[in-house]
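Engineer: Provided herewith is a single structure, encoded as C-alpha cells, for subsequent inquiry.
There are 2 protein chains.
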Amino acid sequence: MILALAGGVGGAKLAAGLARVLPPEDLVIAVNTGDDFEHLGLHVSPDLDTVMYTLAGIANPETGWGQADETWSFMGALSRLGGPDWFKLGDRDLATNVERTRRLRGGETLSEVTRDLCARLGVRHAVVPMSDDPVRTVVHTDRGELEFQHYFVRERCEPRVERLEYRGAESAHPSAALREALRGSDLAGVLFCPSNPYLSIAPILAVPCVREAIGDRAVAVSPIIAGRAVKGPAAKIMDELGIAPSALEIARYYRGTVRALVIDRADAALAAPIEALGIRPVLEDTLMAGDSDRQRLARACLAVLEQVRA
Amino acid sequence: MILALAGGVGGAKLAAGLARVLPPEDLVIAVNTGDDFEHLGLHVSPDLDTVMYTLAGIANPETGWGQADETWSFMGALSRLGGPDWFKLGDRDLATNVERTRRLRGGETLSEVTRDLCARLGVRHAVVPMSDDPVRTVVHTDRGELEFQHYFVRERCEPRVERLEYRGAESAHPSAALREALRGSDLAGVLFCPSNPYLSIAPILAVPCVREAIGDRAVAVSPIIAGRAVKGPAAKIMDELGIAPSALEIARYYRGTVRALVIDRADAALAAPIEALGIRPVLEDTLMAGDSDRQRLARACLAVLEQVRA
Chain A
16 MILALAGGVG GAKLAAGLAR VLPPEDLVIA VNTGDDFEHL GLHVSPDLDT
66 VMYTLAGIAN PETGWGQADE TWSFMGALSR LGGPDWFKLG DRDLATNVER
116 TRRLRGGETL SEVTRDLCAR LGVRHAVVPM SDDPVRTVVH TDRGELEFQH
166 YFVRERCEPR VERLEYRGAE SAHPSAALRE ALRGSDLAGV LFCPSNPYLS
216 IAPILAVPCV REAIGDRAVA VSPIIAGRAV KGPAAKIMDE LGIAPSALEI
266 ARYYRGTVRA LVIDRADAAL AAPIEALGIR PVLEDTLMAG DSDRQRLARA
316 CLAVLEQVRA
Chain B
16 MILALAGGVG GAKLAAGLAR VLPPEDLVIA VNTGDDFEHL GLHVSPDLDT
66 VMYTLAGIAN PETGWGQADE TWSFMGALSR LGGPDWFKLG DRDLATNVER
116 TRRLRGGETL SEVTRDLCAR LGVRHAVVPM SDDPVRTVVH TDRGELEFQH
166 YFVRERCEPR VERLEYRGAE SAHPSAALRE ALRGSDLAGV LFCPSNPYLS
216 IAPILAVPCV REAIGDRAVA VSPIIAGRAV KGPAAKIMDE LGIAPSALEI
266 ARYYRGTVRA LVIDRADAAL AAPIEALGIR PVLEDTLMAG DSDRQRLARA
316 CLAVLEQVRA
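If you're matching them up, the sequences are chains A and B in order. For the first sequence, the positions run 16 to 325 when the numbering used here is used. For the second sequence, the positions run 16 to 325 when the numbering used here is used.
As C-alpha cells, this is what we get:
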C-alpha cells in the first residue's frame, strides 16, 4: 500500500495518476487541511475538494480548482447583495461546502463526510484529511498575521512572508485512515506529491507522529522546476524566506525524511548536489499536462518507491 | 401611512401594487416570519424573500416564489451528493439565504439584514419582518406535528391539518418598524393582504400587542374566491378545520379586527351575510394577473381604508 501526501492542484494531478495505476486498496491519499477555513458560515476544504474533484474527473481543467462546467449565479447574486465575494465558490462547488458543513454540524467527522462525498462522486480510492482536528496555516507577513486563504486568495500572495505557522497542529491527531496507513505492515512507501512543501506537505508533517512514522523513507517530487513553481506561490515564498527557489533547496528542506527526490530533467545539473545531501536524485519529466503524463509520472514514482524500499 | 400585513405570493402581489401607488414613506409592509426555518444551516425566510423579490421585480413569475432567470446548479450538485434536496433553493436565491445567515450570525437583527438586502435589490419601500424573534408555525396533523416547511413543501400539504400553532409568538416582540408603524399617529390604515389567514396573517396577529394595536380598524382582502384559494392550501386547511372555504368564513375569522372585507365580484352573493356580521363587504376584481391588476386593487383598497377611517 502506498501513502501519498498531497495539497492542491499539483498534488491532485499526481494523486489522480496514482489512482489510475493502483487499485483502490493499494492507495491512501492524505490531504492537507491547513488551508481549510470558515467562510460564509461554511467549512471550506480547498485541498480536499481539489483532490476529490480531480480524482472524480470533474475538476476545472483551466484553474485546477473548482468544478468543470461550473456556473456562477450564486457569486453574482452575492456580490449584488454586498456579501464577501473575494473567495469564488461556484454553484456546484457550493453544494459540496454546504453539504460538508451540514454534516459536520450534525456531528460527523471530516473523514466520514469526505469518504461519503467521494463515494457519491464515484471516487473509489481513499482520499482522507490529514486530521479531523482543526489545523490552520497562518501566514505571518509584513502586513501582519493572515489566515491562509486571506493571504492566498484575498491578498493574492502579495504580502511578504516572514514565517509560517500550522496553528493547532501540536494538539491535532492524524485522521484514523492516515494513522492506519502509517502503522500498517503493508505500507510499501510514502510519496510526497509535487505540492508546496511549506503550505501543503509541512502542515501534514506537523501533525504529531506523522513525521516520526514516516521516518526517512519518503520519496518526494519537487514542485520547483528550473527555479520556478509550476503553480502557486512556492518560489515566491522561498525567496521571501531567504531560500533560493530550486529543487536543491527542496531536497534540503526534506532532508532526513526523504530518501529520493524526483526532479525535472531541466534540473539535471542539481543531481550531484542533491546526491551530496544523501538524497537520491531521480530525473523525470515532472510537468503533467494531461492524463498520460500523470500516469507516467505516477509509474515512475512507484518504481522509485520500490527501489528505495529494496 | 399605511401598514400592510403580508405572507407569500398573494400578499406580495398586492404589496407590490401598493408600492407602485404609494411613496416609500407612506407604506410599511410587515411580513410573516412564521414560515422561517433552518435548512442546510441557513436561515430561510420564504415570505420575506417573496415580498422582497416581488417588489424588486425579480420574482419568478411562474412560481411566485424564488427568482426569475434562476439557475439550479447547486440543487443538482446537492442531490448528487445525497444532500437534502426537497426544499428548492436556486443559485441566486441561495445567495440571499447565505448572506442573511452570515449577518444574523454576526449579530445583526433580521430587520437590519432585511432592510439592507432590500436596499441592495433596489426596494425602497419598507419590507419588515413581523418580529426579530423566532416564531415558528407548527402544523399539527394526522401524521403528527410538522414544522411548517415540512408540511408545506416536503409533504406537499398532504397531511390533514388538525391545529395550527405559532410557537414562540407569545414571547416574541413586534419588530421595531412594525411597533413604530402601529404606534404612529400617522397610521392611516391597516390592510391584510390576500394571504392565507391561518398561515400568514394569524402568525403576525399572534405577536403580542399587534392585534391590540390594530383594534377593529383593519381592512382585509379575501384570499378565497368562489370557495377556492387562488394559490396555496387555504381552502384545503379550512376544509380540514371544519370551516367551509368561502369569503364569508374569512369575514367570520377576521371579525372584530376588520371593518371591511374586499371580496371578489364572483362572491357578490356573500355580501349580505358578510354585512350581517357587521363587516362592510366591498366587491372588486381581486385576481391579480399583472401589474395593472395589482395597482388597481391597491388603489381600491386604499379607497376602502379611507372610507373606513372617515
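A virtual CB, placed ideally from N, CA and C, is assigned to each residue, including glycine. Keep in mind the model is a prediction, meaning the values are calculated, not measured.
To the nearest angstrom, how far is it from the Cα of GLY189 of chain B to the Cα of GLY79 of chain B?
Structural biologist: It is Pro, not Gly, that sits at residue 189 of chain B in the sequence shown. Straight across, the Cα-Cα distance linking PRO189 of chain B with GLY79 of chain B is about 26 Å.
Engineer: In chain B, which residues lie with their C-beta within 8 Å of the C-beta of ARG135 of chain A?
Structural biologist: ARG95, LEU96 and GLY97
Engineer: ILE44 of chain A and ALA31 of chain A: beta carbons closer than 7 Å?
Structural biologist: With respect to the 7 Å criterion, ILE44 of chain A and ALA31 of chain A are not classified as neighbours on the basis of their beta carbons.
Engineer: Spell out whether any CB of chain A is found under 7 Å from the CB atom of VAL113 of chain B.
Structural biologist: yes
Engineer: Compare the Cα-Cα distances from GLY98 of chain B to each of A:ALA244, A:TYR269, A:LEU136 and A:ILE219 and report the closest residue.
Structural biologist: A:LEU136
Engineer: If you measure from the beta carbon of ARG12 of chain B to each beta carbon in chain A, is any gap under 7 Å?
Structural biologist: Within the shown structure, residues of chain B are numbered from 16 to 325, placing residue 12 of chain B beyond reach of any answer.
Engineer: Could you round the C-beta distance between ILE239 of chain A and SER261 of chain A to whole angstroms and report it? I think they count as a contact, below 8 Å.
Structural biologist: That pair is a contact at about 6 Å.
Engineer: For SER186 of chain B, count neighbouring C-beta atoms within 10 Å of its own C-beta (all shown protein chains included) and say buried if the count is 16 or more, exposed if not.
Structural biologist: exposed
Engineer: Closer than 7 Å, CB to CB, is LEU132 of chain B near chain A or not?
Structural biologist: yes
Engineer: Taking the alpha-carbon positions, what's the ARG158 of chain A to ARG139 of chain A distance?
Structural biologist: 43 Å
Engineer: Extract the residue ranges of the alpha helix (DSSP H) inside the region 108-148 of chain A, only unbroken runs of 4 or more that lie entirely within it.
Structural biologist: 125-135
Engineer: Rounding to the nearest angstrom, what Cα-Cα distance links ALA196 of chain B and GLU85 of chain A in this structure?
Structural biologist: Computed Cα separation, rounded: 45 Å.
Engineer: In the DSSP assignment, the beta strand (DSSP E) including GLY159 of chain A goes from what residue to what residue?
Structural biologist: Residues 159-162.
Engineer: Opposite GLY295 of chain B in the DSSP bridges: which residues?
Structural biologist: For the sequence presented, residue 295 of chain B should be read as Arg rather than Gly. Looking at the DSSP assignment, ARG295 of chain B forms a beta bridge with B:ALA275.
Engineer: If you drop the 5 nearest sequence neighbours on each side, which residues of the same chain put their C-beta closer than 8 Å to that of GLU127 of chain B?
Structural biologist: ARG118
Engineer: Could you work out which residues of chain B lie near GLY72 of chain A, taking near to mean beta carbons separated by less than 8 Å?
Structural biologist: Per Cβ cutoff of 8 Å: no residues; GLY72 of chain A is ~14 Å from chain B at best.
Engineer: Can you check which of these residues, A:ALA250, A:GLU162 and A:VAL205, is closest to ARG274 of chain A by C-alpha distance?
Structural biologist: A:VAL205
Engineer: Chain B partners of THR86 of chain A, CB-CB under 8 Å?
Structural biologist: THR86, SER88 and ASP106
Engineer: When you compare only the Cα positions, how much space is there between ARG175 of chain B and ASP147 of chain B?
Structural biologist: 30 Å
Engineer: Buried or exposed for ASP282 of chain A, going by 16 or more other Cβ atoms inside 10 Å?
Structural biologist: When all chains shown are included, ASP282 of chain A counts as buried.
Engineer: What is the DSSP secondary structure of ARG198 of chain A, reduced to helix, strand or coil?
Structural biologist: helix
Engineer: Check the Cβ-Cβ distances between GLY56 of chain B and every residue of chain A, and say whether any is below 7 Å.
Structural biologist: At least one chain A Cβ lies under 7 Å of GLY56 of chain B.
Engineer: Distance check for ASN75 of chain B and MET145 of chain B, CA to CA, integer angstroms please.
Structural biologist: 24 Å
Engineer: Give me the chain B residues within the contact set of ARG120 of chain A, using Cβ-Cβ distance strictly less than 8 Å, ordered along the chain.
Structural biologist: The answer, in chain order, is GLY56.
Engineer: Between VAL142 of chain B and VAL234 of chain B, is the Cβ-Cβ spacing less than 7 Å?
Structural biologist: VAL234 of chain B is positioned such that its CB atom lies no closer than 7 Å to that of VAL142 of chain B.
Engineer: Leaving aside the five residues before and after GLU180 of chain A along the sequence, list all residues of the same chain whose C-beta is less than 6 Å from its C-beta, in chain order.
Structural biologist: VAL153
Engineer: Could you tell me whether the Cβ atoms of VAL297 of chain B and VAL236 of chain B are closer together than 7 Å?
Structural biologist: no
Engineer: Helix or strand or just coil, what does DSSP make of ARG270 of chain A?
Structural biologist: Note: ARG270 of chain A maps to coil in three-state DSSP.
Engineer: Using only the alpha-carbon positions, how far apart do ASP50 of chain B and GLY81 of chain A sit?
Structural biologist: 34 Å
Engineer: Under a CB-based cut-off of 7 Å, is ALA83 of chain A close to chain B?
Structural biologist: no
Engineer: Tell me which residue opens and which closes the beta strand (DSSP E) that LEU57 of chain A is part of.
Structural biologist: Here the beta strand (DSSP E) through LEU57 of chain A covers 57-59.
Engineer: Leaving out five residues on either side along the sequence, give the residues of the same chain with a beta carbon under 8 Å from the beta carbon of GLU290 of chain A.
Structural biologist: PRO296
Engineer: Looking only at C-alpha atoms, which of A:CYS172, A:VAL36 and A:ASP279 sits nearest to LYS251 of chain A?
Structural biologist: The option with the nearest alpha carbon to LYS251 of chain A is A:CYS172.
Engineer: Using a Cβ-Cβ distance under 7 Å, would ALA110 of chain A count as near chain B?
Structural biologist: yes
Engineer: Can you tell me whether GLY25 of chain B is buried or exposed, with buried defined as 16 or more other CB within 10 angstroms of its CB?
Structural biologist: buried
Engineer: Report, in whole angstroms, the separation of the C-beta atoms of ASP62 of chain A and GLY22 of chain A, which I expect to be a contact under 8 Å.
Structural biologist: 5 Å
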